[in-house]
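K.L.:
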Amino acid sequence: SGQANPQSCNGRPGREKAHMDRPFRDLTPAQSYFCDVLRFLAALAVAVHHSLDRVEIESYHAFSRSFHTNLGTIGVMAFFLLSGFLIAHTAGRKASRGIYSFKPYFVERTVRIYLVYLPALLVAASVSVIFHGRSIEPDAMTIERFATNLFMLQGVPPFGEHAMNFALMGPSWTLNYEY
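See below:
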């Protein structure tokens with residue numbers, strides 16, 4: 022008849038269209054829990070690395086150098102990989118249902134990040150002002166540094182370099198990658 026038969030590869034009609042309408046399925050509770058545990062372990066690896074870095078345990082540093090990497094790098098990569106998967110999966114699932122686009126995605130991510138980040142930034146800025154020139158780095162609080170951190174441009178040339186973080190918020194340079 023010249024027209025292709027609308028059957029899926031398993032020979033059942035109609036199943037392929039239903040599959041194409043929703044290519045992303047929800048994670049099962051076990052899969053979601055597994056991803057959460059892996060992200061927790063990745064974050065823990067970063068925290069342990071930074072703690073060991075401060076203590077100067079030579080055996081840890083020798084081990085770390087021998088593999089040209091360290092626990093922190095592995096933890097950051099694993100955390101970003103898992104977070105990227107979960108963000109992309111959620112966005113793709115919502116988009117495949119026709120209820121999602123860039124604007125709601127951007128608003129959701131901004132609210133989710135800034136809900137925690139903004140109070141932390143204000144506390145760090147306040148502490149930097151209060152302790153300026155004491156135990157915090159001497160030039161920790163400037164308007165440029167605050168604006169760079171507020172808009173998450175630390176580490177993004179030409180706006181700021183990694184050193185543009187507040188002394189109390191060193192890891193915040195990673196937040197601009199969370200979008």
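Adding 21 to a residue's 1-based position in the sequence shown gives its number in my numbering. Here a beta-carbon is modelled for each residue, glycine too, at the ideal position from N, C-alpha and C. The structure displayed is predicted, hence computed values, not measured ones.
Which same chain residues, not among the five before or five after Cys56, have their C-beta less than 8 Å away from its C-beta?
P.N.:
Here residue 56 corresponds to residue number 35 of the sequence shown, with the count starting at 1. Cβ within range, chain order: Leu48, Leu103, Phe106, Leu107.
K.L.:
To the nearest angstrom, how far is the alpha carbon of Ala109 from that of Tyr126?
P.N.:
Here residue 109 is taken as the residue at index 88 of the sequence shown, counted from 1. Here residue 126 is taken as the residue at index 105 of the sequence shown, counted from 1. Distance between the alpha carbons of Ala109 and Tyr126 is about 10 Å.
K.L.:
On a Cα-Cα basis, can you pick out the residue from Thr94, Tyr54, Ser53 that is closest to Ala68?
P.N.:
Residue numbering aside, residue 68 sits at position 47 when the sequence shown is read from its first letter. Of the listed residues, the one whose Cα sits closest to Ala68 is Thr94.
K.L.:
Kindly give me the distance between the Cβ atoms of Ala242 and Gly96, rounded to whole angstroms, as I take these residues to be in contact under 8 Å.
P.N.:
One cannot answer for residue 242 here, as it falls past the ends of the chain, which runs 22 to 200.
K.L.:
Looking at Arg133 and Tyr200, is the spacing between their C-beta atoms short of 8 Å?
P.N.:
Your numbering for residue 200 matches position 179 in the sequence shown. Your numbering for residue 133 matches position 112 in the sequence shown. Going by C-beta atoms, Tyr200 is not nearer than 8 Å to Arg133.
K.L.:
Could you round the C-beta distance between Phe123 and Ala146 to whole angstroms and report it? I think they count as a contact, below 8 Å.
P.N.:
Start at 1 with the first residue of the sequence shown, and residue 123 comes out as number 102. Start at 1 with the first residue of the sequence shown, and residue 146 comes out as number 125. Wrong, their Cβ atoms sit about 31 Å apart, outside the cutoff.
K.L.:
For Pro121, name the three-state secondary structure that DSSP assigns.
P.N.:
Position 100 of the sequence shown, counted from the start, is the residue given in the question as residue 121. It is worth fixing the name first, because residue 121 is Tyr in this sequence and not Pro. Here Tyr121 sits in coil by DSSP.
K.L.:
Just curious, the alpha helix (DSSP H) that Arg166 is in, first and last residue?
P.N.:
For the purposes of this step, residue 166 is taken as the residue at position 145 of the sequence shown. Element bounds for Arg166: 164-171.
K.L.:
Can you name, in chain order, every residue of its own chain whose Cβ lies under 7 Å from the Cβ of Ala51, other than the five neighbours on each side?
P.N.:
Taking the first residue of the sequence shown as position 1, residue 51 is located at position 30. Closer than 7 Å at the Cβ level, and outside the excluded window around Ala51, lies no residue.
K.L.:
Which value, in whole angstroms, describes the spacing of the CA atoms of Leu142 and Ser53?
P.N.:
In the sequence shown, residue 142 corresponds to position 121, counting from 1. In the sequence shown, residue 53 corresponds to position 32, counting from 1. Each residue's Cα considered, the two are about 30 Å apart.
K.L.:
If you reduce the DSSP assignment to three classes, tell me which class Gly176 lands in.
P.N.:
Here the question's residue 176 lines up with position 155 in the sequence shown. Coil, per DSSP.
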